[in-house]
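Peer 1: Let me begin by handing over the structure; questions about it come next.
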Amino acid sequence: MSYLTLKNAVPAPIKGVPTHEYKEFKAAIKELLEQECRLSSLFAVPTDSDNRIFAVMTNDKKGEIYVFATKYAKTFESLTPEIPQAHWFEREIAEIHNIKINNHPWLKPIRFMPKSGEKNFPVAGDTDYFKINGEEIHEVGVGPIHAGVIEPGHFRFQCYGEKVLHLEIELGYQHRGIERIFPKTPHNKRIKIIEAAAGDTTIGHTTAYALNIEGLAGAQISANDALVRSIALELERMANHTGDLGAMAGDVGFMPTSSYCGRIRGDILNTTGMICGNRFGRGLVKPGSSGYQIDAELKKKISDKLDLIEADVKSAIELIWQTPSVTARFDETGSVSRENAVAIGLVGVAARAAGIAVDIRMTHPFDAFKELEAVVPVGKKGDVGMRAQVRWHELQNSFKLVRDMLAKLNFEAEKSEVNDDICGKLAPDMISVALTEGWRGEISHAAITDANGNIKTYKITDPSFHNWFGLALALRDQEISDFPLCNKSFNLSYCGHDL
Amino acid sequence: MNITSIIFIIVSFLAAPILPGLINKTKALFGGRQGPRVLQLYYDIFKLARKTPTYSKTASALTRIAPVAIAVSTLAALTLVPSFFNNSAIHFTGDIILMAYLLGLGRFFMVTAALDRGSAFEGMGASREVLYSALAEPSFFAGLLIMIHETASLELSEIFSKLSLNFWQENPAILFLILCSWFVILLVENARIPIDDPNTHLELTMIHEVMILDYGAKDLALIEYASALKLWIYSALIVGMVINGEIITSLTMQIAIFTLGMAIVAFVIGTIESITARIKLVFIPKFIVGSGALAIIALILKVAGN
């Protein structure tokens, strides 16, 4: 099988992407999946001359990315029956490009966009749901408006008593049309769109975007800038893991951890705020440079603060594993087997908890991670307890990484200047795929430029897009009362999925 | 019926909402927070009482009657419970049974009203509530049977006044077993951690709270008040059982020791809520039945001992 082999964020001419016949295309995906590659993205690119569907496969062992394509007309034979990872991607393609996908097992809207040619948006959530009939079967619908302050999403449970037979997750309430407006937006404003793709993963997404632009423009960033970016990425991971572990403790009514973690999360966000003035790192990452520097004084402030935070985090979170009632509640709840995790292509924390050692920081290193060693904690059972442990180990490792990176900063180096122009000087007819490890997992951004060097297609795949179906699987045969805890242990993004 | 007992009943009616306040204060202490005022529930009840309720279109008259029925049946049950080591305002042979089933009547209205609205959440909550209280009932009566056996009385006030300190001193194991099993019942009936979490906003995990989701304003005020009364009843039963009233002679001591006892119960509930997580829902029946087993063992010890 031929395919274009890419390295993370290293562009190649679009001509190099081979176009296969449908059969070969499908066989290529299956062959690569057997070699433990993952389907990172699948998207359609219609042009005047031809319509092609691109598959982006990631090889974690070799650190390579494979891209290949096939042509499509008005209809397309579904890959999903044999390749479950394609499930939501095909629904997405069918919806965006109004293609009929034949033999797809559950073809329905994913974001409730208007069909091409129509202006009216369909009502989100207004669709068919999977139904189970039986005298004692009952249906419970939760959302899209929830009791807590969270994003909107609809969950439809088919239950037998307290037992969940099936959970169907319907999203799309947060669809803003990011991918559609992206090419039409002036290039100096695009970073603002990316920052808002998933608000809690600002650094993860903006880093992926910056890597793509730097690759396509042939720009290099200074070692210090790469360090600042990676420090911010780790701080983002630490803040979210702390918040989530606290929220998981809160869900099972365990006060000590939940009371402190909310405050500590705020402390970590404030540390990001010390670097760039924004707690969520907005404005911190810019293609070609970082607008912000860490000088000796700030470095001292950050490392002092980290010492305080680390002590607090330890005392608050280790209580989880010292309290049998909490571990009893976490263990054996919401398991996803390794087999299922591989089949549906889970990424990030959920995948590692199920026993898949995948971490883009190690397999496709970028920025400062090229010279660092991150620990990849891998669990076994893929249950809530494992997801909590994986988060805790990653959180501890992030403290070490941030300290290592702070130590590497070179204060003698010349201050790099912000260079907004590079966004407008991209190489023509190229394709670039950038992967980063956000705190939820793999973020993939694929950029394709046209003959004039303008970005014509920009495909964003948030880790949540891979993982939402994992949550549905985790609930099979579980108690319905375990749903909030399972949901929190995944803590997926609604807006990152809906875009 | 004498004046003191009537005064004590009125004091119980008025003081009941302090207990949840004490529990919350304890939890706040453990959590390193200042927490709400001890008297917060009074403010909440007064705030709610001034508001006009709204009802779902699917609600029948049952939804409107239920809060009053719940409050009245709980108030009536409280008049039968001896407080402050004094005979209860109304007492007669067999009042034990009446008290237990007045509380049952309140629950009946709570559950049927929850089903009345036809919401999937409330139906789940009602099903859980009925299952758990059905399991808790035998252990409550097993504990009572021991005291009935010892005092040869079916009157709550008489049982409590006849229970001598001697009996507990000679049978500490029985006291310990009943205390454990009744404390579990207190936690089950009052929707506390580790069975239920009164502070959760997660409707899928709720038991008690989910059944009252559709209530607001005056109705909610009545239900919140009834819940506080119910907590008072179970706490008073435990305090009255453990501490022997006979040796406390002066009225001031009665009031002081009873108040202290109630505060200790609240503190223990608050501590449990602060340091443990909720049990998985499937394990709750085992937990309750386990507490029933303790009461049965105590009963066997008692009967075999004679």
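Going line by line, the protein sequences match chains R and H.
So the first sequence is numbered by this note's numbering: it starts at 182 and just counts up by one.
So the second sequence is numbered by this note's numbering: it starts at 17 and just counts up by one.
Every residue gets a Cβ at the ideal spot worked out from N, C-alpha and C, and that includes glycine.
Thinking C-alpha only, which one of 266(H), 270(H), 190(H) and 233(H) is nearest residue 67(H)?
Peer 2: If we check each option's Cα against that of residue 67(H), 233(H) comes out closest.
Peer 1: With DSSP collapsed to three states, give me the class of residue 227(H).
Peer 2: In this structure, residue 227(H) counts as helix in the three-state DSSP scheme.
Peer 1: Any idea what DSSP makes of residue 218(R), helix, strand or coil?
Peer 2: In the structure shown, residue 218(R) sits in coil (DSSP, three-state: anything other than H, G, I, E or B).
Peer 1: For residue 552(R), which of 411(R), 644(R) and 569(R) has the nearest alpha-carbon?
Peer 2: Of the listed residues, the one whose Cα sits closest to residue 552(R) is 411(R).
Peer 1: How far does the alpha helix (DSSP H) with residue 278(H) in it extend, from its first residue to its last?
Peer 2: 267 to 291 is the extent of the alpha helix (DSSP H) around residue 278(H).
Peer 1: If distances are taken between C-alpha atoms only, which option among 428(R), 480(R), 403(R) and 436(R) comes closest to residue 472(R)?
Peer 2: It is 403(R) whose Cα lies nearest to the Cα of residue 472(R).
Peer 1: For residue 272(H), is the classification buried or exposed, using 16 other Cβ atoms within 10 angstroms of its Cβ as the cut-off for buried?
Peer 2: Counting Cβ neighbours within 10 Å, residue 272(H) comes out exposed, since fewer than 16 surround it.
Peer 1: For the segment 28 to 115 of chain H, list the alpha helix (DSSP H) runs that are entirely contained and at least 4 residues long, ordered along the chain.
Peer 2: Within the segment 28 to 115 of chain H, the complete alpha helix (DSSP H) runs of at least 4 residues are 34 to 47, 56 to 65 and 77 to 95.
Peer 1: Residue 148(H) and residue 194(H): beta carbons closer than 8 Å?
Peer 2: No, the Cβ-Cβ distance between residue 148(H) and residue 194(H) is not below 8 Å.
Peer 1: What residues of chain R sit near residue 207(H), judged by a beta carbon separation below 8 Å?
Peer 2: What residue 207(H) touches in chain R: nothing, since even the nearest Cβ is about 12 Å away.
Peer 1: For residue 409(R), report the span of its alpha helix (DSSP H) as first-last.
Peer 2: Unbroken alpha helix (DSSP H) run through residue 409(R): 404 to 432.
Peer 1: In the DSSP assignment, find the beta strand (DSSP E) that holds residue 319(R) and state where it starts and stops.
Peer 2: Per DSSP, residue 319(R) belongs to the beta strand (DSSP E) from 318 to 323.
Peer 1: Using CA coordinates, which residue listed in 115(H), 43(H) and 82(H) is at the minimum distance from residue 435(R)?
Peer 2: The shortest Cα separation from residue 435(R) among 115(H), 43(H) and 82(H) belongs to 43(H).
Peer 1: Looking only at C-alpha atoms, which of 339(R), 193(R) and 308(R) sits nearest to residue 320(R)?
Peer 2: The shortest C-alpha separation from residue 320(R) is found at 339(R).
Peer 1: Does residue 285(R) come out as helix, strand or coil in the three-state DSSP assignment?
Peer 2: Reduced to three states, the DSSP call for residue 285(R) is coil.
Peer 1: What residues from chain R crowd round residue 42(H), counting only those whose CB sits closer than 7 Å?
Peer 2: The premise fails here: residue 42(H) is roughly 11 Å from chain R at the closest Cβ pair, so nothing lies under 7 Å.
Peer 1: If the cut-off is 8 Å on Cβ atoms, which residues from the segment 509 to 520 of chain R count as contacting chain H, listed in chain order?
Peer 2: Here the close residues are 509, 510 and 514.
Peer 1: Determine, for residue 423(R), whether the minimum Cβ-Cβ distance to residues of chain H falls below 8 Å.
Peer 2: It does not; no Cβ of chain H falls within 8 Å.
Peer 1: Specify, as a first and last residue, the run of the beta strand (DSSP E) that residue 266(R) falls within.
Peer 2: No beta strand (DSSP E) holds residue 266(R); DSSP gives it neither H nor E.
Peer 1: Per DSSP, which residues does residue 709(R) bridge with? Please list them.
Peer 2: Beyond the ends of chain R as shown, which are 182 and 680, falls residue 709(R); an answer cannot be given.
Peer 1: Does residue 289(H) have its Cβ less than 8 Å from a Cβ in chain R?
Peer 2: By this cut-off, residue 289(H) is an interface position.
Peer 1: Helix, strand or coil, according to DSSP, for residue 339(R) in the structure here?
Peer 2: If DSSP states are grouped into helix, strand and coil, residue 339(R) belongs with the strands.
Peer 1: Using CA atoms only, rank isn't needed, just tell me which of 123(H), 163(H), 220(H) and 175(H) is closest to residue 329(R).
Peer 2: The residue with the shortest Cα to Cα distance from residue 329(R) is 220(H).
Peer 1: Mind checking residue 527(R): buried by the 16 CB within 10 Å criterion, or exposed?
Peer 2: It is buried - the Cβ of residue 527(R) has at least 16 other Cβ atoms within 10 Å.
Peer 1: Any contact of the segment 417 to 426 of chain R with the segment 563 to 575 of chain R, i.e. 3+ C-beta pairs under 8 Å?
Peer 2: With the cut-off at 8 Å, the segment 417 to 426 of chain R and the segment 563 to 575 of chain R touch.
Peer 1: Pull up the CB-CB distance for residue 218(H) and residue 564(R), whole angstroms please, since I reckon it's below 8 Å.
Peer 2: With 8 Å as the limit, residue 218(H) and residue 564(R) do not qualify as a contact, their Cβ atoms being about 19 Å apart.
Peer 1: Counting along the chain, where does the beta strand (DSSP E) carrying residue 238(R) start and finish?
Peer 2: Where residue 238(R) is concerned, the enclosing beta strand (DSSP E) stretches over 232 to 240.
Peer 1: Would residue 336(R) and residue 353(R) qualify as a contact pair, given that the criterion is a beta-carbon distance under 8 Å?
Peer 2: Their beta carbons are not under 8 Å apart, which means residue 336(R) does not touch residue 353(R) by this criterion.
Peer 1: Can you name the residues that DSSP bridges to residue 248(R)?
Peer 2: Answer is 185(R) and 237(R).
Peer 1: Using a Cβ-Cβ cutoff of 8 Å, what residues of the segment 192 to 216 of chain H are near chain R? List them in chain order.
Peer 2: Those would be 209, 210, 213, 215 and 216, in chain order.
Peer 1: Taking the beta strand (DSSP E) that residue 257(R) falls in, what are its first and last residues?
Peer 2: Start and end: 256 to 258.
Peer 1: What residues of chain H sit near residue 440(R), judged by a beta carbon separation below 7 Å?
Peer 2: Correct list: 47, 48 and 49.
Peer 1: Taking residue 220(H) as the query, report the chain R residues whose CB atoms sit under 8 Å from its CB, ordered along the chain.
Peer 2: Here the neighbours are 321, 323, 661, 662, 664 and 665.
Peer 1: Mapping DSSP to helix, strand and coil, what is residue 538(R)?
Peer 2: Coil.
Peer 1: Taking residue 114(H) as the reference, which of 93(H), 72(H) and 139(H) has the closest Cα?
Peer 2: Here the closest residue by C-alpha is 93(H).
Peer 1: Could you tell me which of 556(R), 450(R) and 397(R) sits nearest to residue 381(R), measuring between CA atoms?
Peer 2: Checking every option, the nearest Cα to that of residue 381(R) belongs to 450(R).
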